[in-house]
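Asks: Please read through the structure below; I'll follow up with questions.
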Amino acid sequence: MQGKNKAFLKIGGSQFLDRVSDTLRKNFEEILLVTKNPSTYNPKDIKIIKDILKANSPLSGIHAGLSNMDADYAFCIGCDTPFLMGGVVEILANEIEPNADVIVPYSGTYFQPLCAIYSKRCAPLIEGQLSKNDLKVDNLFSKARIKTIPYEIFQQVDENLVSFFNVNSPEDLKYAEQLLPSL
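Oh and the sequence shown: position 6 is 14 in our numbering, straight run, nothing missing.
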């Protein structure tokens, strides 16, 4: 959705950012919003963090969040995922273990890197990766200790895996509006 801030898109009368943050509030004490433009936002009970690294990649946002949080682990989600379910968040959070740097949903062929948990230990790995202009989030996984969670586990709480659906086009938004009544 070129030129539009997806955080402010609405579905069912609610902005995407509000939908995501409402789900996160049920699971976490602290919520951080990482952005290139902090003055654009004024959300309730959310700490605004400005990107530290200037890379045009979600890794930049993950890095800023990890570098500015008190906890050892962060759940990272894009604000363009209007159907995030708390059960998905809980499954991931329950899989945290000291030897895992990333806990990520995995289909067998595809990761969900923007609906995953990252350890603070990933911050220097991300810095190194971005210093080489490697912007792909999945490439971090070869440097970090990852724990993959099969999609089938998430289907116990999100049968159609709508938590992983993100809106990238006007067609996606239209589909999301059609999908909403069935959720």
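Ideal placement from N, C-alpha and C gives every residue a C-beta, glycine not left out.
In this text the structure is predicted, and so the values were computed from the model without any measurement.
Which one of Pro113, Asp88, Val96 and Asp59 has the shortest CA to CA distance from lysine 155?
Replies: On the sequence shown, residue 155 is found 147 positions in, with the first residue counted as 1. The shortest C-alpha separation from lysine 155 is found at Pro113.
Asks: Which value, in whole angstroms, describes the spacing of the CA atoms of cysteine 5 and threonine 43?
Replies: One cannot answer for residue 5 here, as it falls past the ends of the chain, which runs 9 to 191.
Asks: Assuming glutamate 135 contacts leucine 61 (C-beta within less than 8 Å), just tell me the rounded distance between them.
Replies: Indexing the sequence shown from 1 puts residue 135 at position 127. Indexing the sequence shown from 1 puts residue 61 at position 53. Contact flag correct, Cβ pair sits at about 7 Å.
Asks: Run the CB neighbour count on lysine 14, radius 10 Å, all protein chains shown included, and call it buried at 16 or more, exposed below.
Replies: Within the sequence shown, the letter at position 6 stands for residue 14. The residue is buried, with at least 16 neighbouring Cβ atoms inside 10 Å.
Asks: The beta strand (DSSP E) with serine 68 in it runs from where to where?
Replies: Locating residue 68 in the sequence shown gives position 60, where the first residue counts as 1. Taken as a continuous stretch (DSSP letters only), serine 68 belongs to no beta strand (DSSP E), being part of the alpha helix (DSSP H) at 66 to 75.
Asks: On the CB-based measure, 16 or more other CB atoms within 10 Å of its CB, does aspartate 109 come out buried or exposed?
Replies: Here residue 109 corresponds to residue number 101 of the sequence shown, with the count starting at 1. Under this definition aspartate 109 is a buried residue.
Asks: Can you find the residues in the same chain that come closer than 7 Å, C-beta to C-beta, to proline 51, ignoring five residues on each side of it along the sequence?
Replies: Counting from 1 along the sequence shown, the entry for residue 51 is found at position 43. Within the same chain, proline 51 has close Cβ partners Leu25, Ser29 and Leu41.
Asks: Sort out for me which residues DSSP pairs valine 42 with in a bridge.
Replies: By 1-based counting over the sequence shown, the position of residue 42 is 34. Answer is Ile57, bridged to valine 42.
Asks: Please go through the same chain and pick out, in chain order, the residues whose beta-carbon is closer than 6 Å to the beta-carbon of phenylalanine 119, but skip the five residues on each side of it.
Replies: Position 111 of the sequence shown holds residue 119. Hits under 6 Å: Val112 and Asp146.
Asks: Look up isoleucine 85 in the DSSP assignment and say whether it is helix, strand or coil.
Replies: The residue you call residue 85 lines up with position 77 of the sequence shown. Strand.
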